[in-house]
Amino acid sequence: MKLSQPSGNSTKNRFLIAVFVCSTAIAGELTDNTLETGRNLFSAVPASVLAAGAAGSFFAYRTEDPEGYSGFMPESPFNTLDRVDDFLFGKALPVSSAVVWIAGKAAGSDDLEATGEELCRGLLYSYGITLIAKVSTGRTRPDGTDTTSFPSGHAAGTSCAAVVLWHRYGAEVGIPAAAVAVYTCLSRVNLGRHFPSDVLMGAAVGTACGIAASMVDNDHPAGGVKFSLSIDTEGRITPGLW
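With this note's numbering, letter number 75 in the sequence shown gets 58, and the count goes up by one each step, no holes.
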């Protein structure tokens, strides 16, 4: 009996089905990890970090200069460094984290992929919490530009990244990353973008979210759906799940 060759439409449909199945598997695993990160925020260590940050921020708020501390560091070289830091660890940080994740997946590097995924999860919560707090409090920045001063998103992002990098690669990478986070906090105050209480709370939020993200075992997901694709010599695409 002669077997008919698969049509172009049949192969295309199989490919679309395979992409849908694989995308669903990835989304399911990512959703599980993201939800677990949120639950981890209520565990002992992240919750303690948030509580300590809130206490420190409140104390700073009661004692800080209402005009802020713009320019408390020497203009040279910190004026230039502050602006570089503002760019690298502002909008560029979540973008670079996503690039690390995608690059790791494309290169087949499980470690790099897991690092990028962990960074993205931690930053998702860091920026989400800071955004809600900014809108809720409506605190005017020291430089008067807007009312999104509290807490500092830059402090949250760099602190989260430092925790994740320390978890993934140890103190050799973690200590320099933590130093960058500390400088970012000082820089935000020096630029007149934040009060000390803003960066203290932002750092606490980022640290807690980084810890919560690192508590998820994204290298070996328990019970996660795995998938594969096989393509034979005639172009037939077969998805596999296990």
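Beta carbons are placed, not taken as given, at the ideal position from N, Cα and C, and that holds for glycine.
Checking 7 Å against the spacing of the C-beta atoms, do residue i and residue j come in under that value?
| i | j | result |
| --- | --- | --- |
| T190 | R151 | no |
| T20 | A196 | yes |
| G136 | T113 | yes |
| V188 | P179 | no |
| S40 | P125 | no |
| G193 | V163 | no |
Would you decide whether residue i is buried or exposed? Buried here means 16 or more other CB atoms lie within 10 Å of its CB.
| i | result |
| --- | --- |
| L174 | buried |
| S31 | exposed |
| S6 | Confidence is the limiting factor: at S6 the pLDDT is only 45, short of 50, which leaves the residue's position unreliable and the question unanswerable from this model. |
| G185 | buried |
| F42 | exposed |
| R66 | exposed |
| P29 | buried |
Can you look up residue i in the DSSP assignment and give me helix, strand or coil?
| i | result |
| --- | --- |
| D129 | coil |
| V83 | helix |
| S26 | coil |
| T123 | coil |
| E101 | helix |
| K74 | coil |
| F236 | In this structure the chain extends from -16 to 225, so residue 236 is not present and cannot be described. |
| P159 | helix |
| S59 | helix |
| H177 | coil |
| E19 | helix |
| S135 | coil |
| G198 | Checking the sequence, you will find Met at residue 198 rather than Gly. Residue state, collapsed to three classes: coil. |
| G140 | helix |
| Y110 | helix |
| E47 | coil |
| G91 | coil |
Tell me which same chain residues have a C-beta within less than 8 Å of the C-beta of residue i, skipping the five on either side of it?
| i | result |
| --- | --- |
| F25 | none |
| V199 | N16, E19, T20, N23, E101 and R104 |
| G36 | L183, M184, A186, A187, V188, T190 and A191 |
Have a look at the options and flag the residue whose alpha-carbon is nearest the alpha-carbon of residue i.
| i | options | result |
| --- | --- | --- |
| R122 | F72, S132, S170 and L114 | S132 |
| L64 | Y52, Y44 and L169 | L169 |
| P77 | Y52, P57 and G105 | G105 |
| K117 | P134, L107, T128 and G127 | P134 |
Using a Cβ-Cβ cut-off of 7 Å (strictly less than) and excluding sequence neighbours within five positions of residue i, which residues of its own chain qualify?
| i | result |
| --- | --- |
| A38 | none |
| S109 | A139, G140, C143, V188, G189 and C192 |
| K88 | E96 |
| T130 | G121, R122 and T123 |
| I115 | none |
Using C-beta distances below 6 Å, list every residue in its chain close to residue i, excluding the 5 sequence neighbours before and after it, in chain order.
| i | result |
| --- | --- |
| A10 | Only weak support is given to the placement of A10: the predicted model assigns it a pLDDT of 48, under 50, and the value that follows is read from those uncertain coordinates. Counting only Cβ-Cβ distances below 6 Å, and skipping sequence neighbours, we find nothing. |
| M56 | N173 |
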